[in-house]
Amino acid sequence: EAQVTQNPRYLITVTGKKLTVTCSQNMNHEYMSWYRQDPGLGLRQIYYSMNVEVTDKGDVPEGYKVSRKEKRNFPLILESPSPNQTSLYFCASRRQGANNEQFFGPGTRLTVL
Amino acid sequence: AQSVAQPEDQVNVAEGNPLTVKCTYSVSGNPYLFWYVQYPNRGLQFLLKYITGDNLVKGSYGFEAEFNKSQTSFHLKKPSALVSDSALYFCAVRPSNDYKLSFGAGTTVTVRA
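Top to bottom, those sequences are chains A and B.
Per our numbering, the first sequence runs over residues 249 to 361.
Per our numbering, the second sequence runs over residues 628 to 740.
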């Protein structure tokens, strides 16, 4: 089954404790992206990757890091989480080409205390 | 910079009645327009897209959307709503010459039996 998977689905952590949210897709998509969803703000892009070893900032990259060492994986790293990073996070992927729709993972609900 | 507006936070309709979810956009150049739906505790699912051609686009689950260039709108419609259509709906736009996808804030649809 074609899918985007994320782990963990739920995470409660404390300020300053480094964490990684994994994202993997099995569709051989070139483009991958991370979003955060906050009430009333829709989805805002954090980082994106056009292909392996090619990443760039989205609209709200502060406090986040990413890497793309393999085509299928695109982990999101929070080096020192803060309470304002409490949010619902989605990973997405699509084939190269601006007219292609994105496939989304199930989401990771992160709470930073 | 592109933007998307979904003027209604909530839309309430009775089952069997027509459903409309409004979306207007602002973008430089030609737009690629998308609708996604998010059911509770799930990731976003692609519904339909407008790339070029016929202004009326048909998508999944009986939904359709009409692209209106002069009004810069892309309203989502369903002739007869079902209770199972209750969800959060997002409109998104991407310029045809760019990679960046921008989302609206979302509209919560509630269909009452």
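Glycine included, every Cβ here is placed at the ideal spot set by N, Cα and C.
Everything numeric in this text was worked out from a predicted model, so none of it was measured.
Handout entry: Runs of beta strand (DSSP E) wholly within the stretch 628-669 of chain B (minimum 3 residues, chain order)
Key = 630-632, 637-641, 646-648, 651-653, 658-665
Exercise for the section: Measure the C-alpha to C-alpha separation of Phe322 of chain A and Val638 of chain B and round it to an integer number of angstroms. Expected result: Translated into positions along the first sequence, residue 322 of chain A becomes position 74. Translated into positions along the second sequence, residue 638 of chain B becomes position 11. Spanning the two alpha carbons is a distance of roughly 36 Å.
Practice task
Anything in the stretch 662-690 of chain B with a Cβ closer than 7 Å to a Cβ of chain A? List those residues in chain order, please.
Solution key: Arg669, Gly670, Leu671, Phe673, Lys676, Ile678
Handout entry: Where the beta strand (DSSP E) containing Ser272 of chain A begins and where it ends
Key = Reading the first sequence from its first residue, position 24 is the one you call residue 272 of chain A. First-last of the beta strand (DSSP E) with Ser272 of chain A: 267-273.
Practice task
Alpha carbon to alpha carbon, how far is Gly670 of chain B from Tyr312 of chain A? Give it in angstroms, no decimals.
Solution key: As a first step, residue 312 of chain A must be located in the first sequence, where it is residue number 64. As a first step, residue 670 of chain B must be located in the second sequence, where it is residue number 43. Tyr312 of chain A and Gly670 of chain B: Cα-Cα distance of roughly 21 Å.
Practice task
Please list the partners that Gly731 of chain B has in chain A, where partner means a Cβ-to-Cβ separation under 8 Å.
Solution key: Taking the second sequence and counting its residues from 1, the one referred to as residue 731 of chain B is at position 104. Neighbours of Gly731 of chain B on chain A, chain order: Gly290.
Exercise for the section: Could you name the residues that DSSP lists as bridge partners for Tyr295 of chain A? Expected result: Counting from 1 along the first sequence, the entry for residue 295 of chain A is found at position 47. Note: Tyr295 of chain A sits in a beta bridge opposite A:Trp282, A:Lys305.
Exercise for the section: Take the Cβ of Ser697 of chain B as the centre, count every other Cβ of all protein chains shown within 10 Å, and call the residue buried at 16 or more, exposed below. Expected result: Numbered from its first residue, the second sequence carries residue 697 of chain B at position 70. Its Cβ having fewer than 16 others within 10 Å, Ser697 of chain B is exposed.
Practice task
Give the interface partners of Tyr652 of chain B over in chain A, defined as CB-CB distance under 8 Å, in chain order.
Solution key: Position 25 of the second sequence, counted from the first residue, corresponds to residue 652 of chain B. Going along chain A, no residue has its Cβ under 8 Å from Tyr652 of chain B, so there is no contact; the nearest lies around 13 Å.
Handout entry: 8 Å Cβ cutoff met for Glu301 of chain A and Arg316 of chain A
Key = Here the question's residue 301 of chain A lines up with position 53 in the first sequence. Here the question's residue 316 of chain A lines up with position 68 in the first sequence. In this structure, Arg316 of chain A lies closer than 8 Å to Glu301 of chain A by Cβ.
Exercise for the section: Starting from the Cα of Thr359 of chain A, find the closest Cα among A:Arg292, A:Thr263, A:Leu324, A:Asn347 and give me that residue. Expected result: Your numbering for residue 359 of chain A matches position 111 in the first sequence. Nearest of A:Arg292, A:Thr263, A:Leu324, A:Asn347 to Thr359 of chain A, Cα basis: A:Thr263.
Problem - C-beta atoms of Tyr283 of chain A and Gln293 of chain A nearer than 8 Å - result: On the first sequence, position 35 is the one that residue 283 of chain A refers to. On the first sequence, position 45 is the one that residue 293 of chain A refers to. Contact: yes.
Exercise for the section: Taking Leu336 of chain A as part of the beta strand (DSSP E), name the residues at either end of that continuous run. Expected result: Mapped onto the first sequence, residue 336 of chain A falls at position 88. Start and end: 335-342.
Problem - Between the CA atoms of Lys265 of chain A and Gly686 of chain B - distance to the nearest angstrom - result: In the second sequence, the residue the question calls residue 686 of chain B occupies position 59. In the first sequence, the residue the question calls residue 265 of chain A occupies position 17. Cα to Cα, the separation comes out at about 43 Å.
Handout entry: CB contact check: Pro354 of chain A to chain B, cutoff 8 Å
Key = The sequence position of residue 354 of chain A within the first sequence is 106, counting from 1. Yes, Pro354 of chain A counts as interfacial toward chain B.
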